[in-house]
Amino acid sequence: MSEPSQAGAAPPVAPRARRKLIVIGIAFVLILVAIAAAAVYYLTLPPGFSGTIKIGFTISQTGNFNVEGTNSLNGIKTAANWLNSHGGIAVGGKLYNVSLDY
0 MSEPSQAGAA PPVAPRARRK LIVIGIAFVL ILVAIAAAAV YYLTLPPGFS GTIKIGFTIS
60 QTGNFNVEGT NSLNGIKTAA NWLNSHGGIA VGGKLYNVSL DY
């Protein structure tokens, strides 16, 4: 004889359906973790910081024009440091720091 079923009890979940629920639950948790990580990242940025403008250029540091190139590079670095120390460059109401790529 089979055991009597309890009144109002939910039927057992099939293994395939249970697996699907577990996968959906894991995906939901991963999405929540990603949202929380993004929120922490954006909330910890300094006020007014919107990003960086990378300025790339070529400059001679060797050869016939090494003196002029070195002097120019020092001037460009000084200008970039001055801009960054004074809040960066405002573009469309947002502030951007300057980085050099040479």
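Per numbering that gives the first Met the number 0, the very first residue in the sequence shown carries number 0; after that it's consecutive. Idealized CB from N, CA, C, for every residue including glycine.
- Taking C-beta atoms under 8 Å as the contact rule, Phe56 and Tyr101 qualify, at a distance of about 6 Å.
- For Asn96, the beta-bridge partners assigned by DSSP are Thr51.
- The C-beta distance from Lys53 to Ser84 rounds to 18 Å, too long to fall under 8 Å, and the pair is not in contact.
- The DSSP-derived three-state label of Ile23 is helix.
- Each of Tyr95, Thr43 and Ile34 was checked against the Cα of Asn80, and the nearest Cα belongs to Tyr95.
- If you draw a 10 Å sphere on the C-beta of Gly62, you find fewer than 16 other C-beta atoms in it, and that means exposed.
- Gly92 counts as exposed, since fewer than 16 other C-beta atoms from the protein chains shown sit within 10 angstroms of its C-beta.
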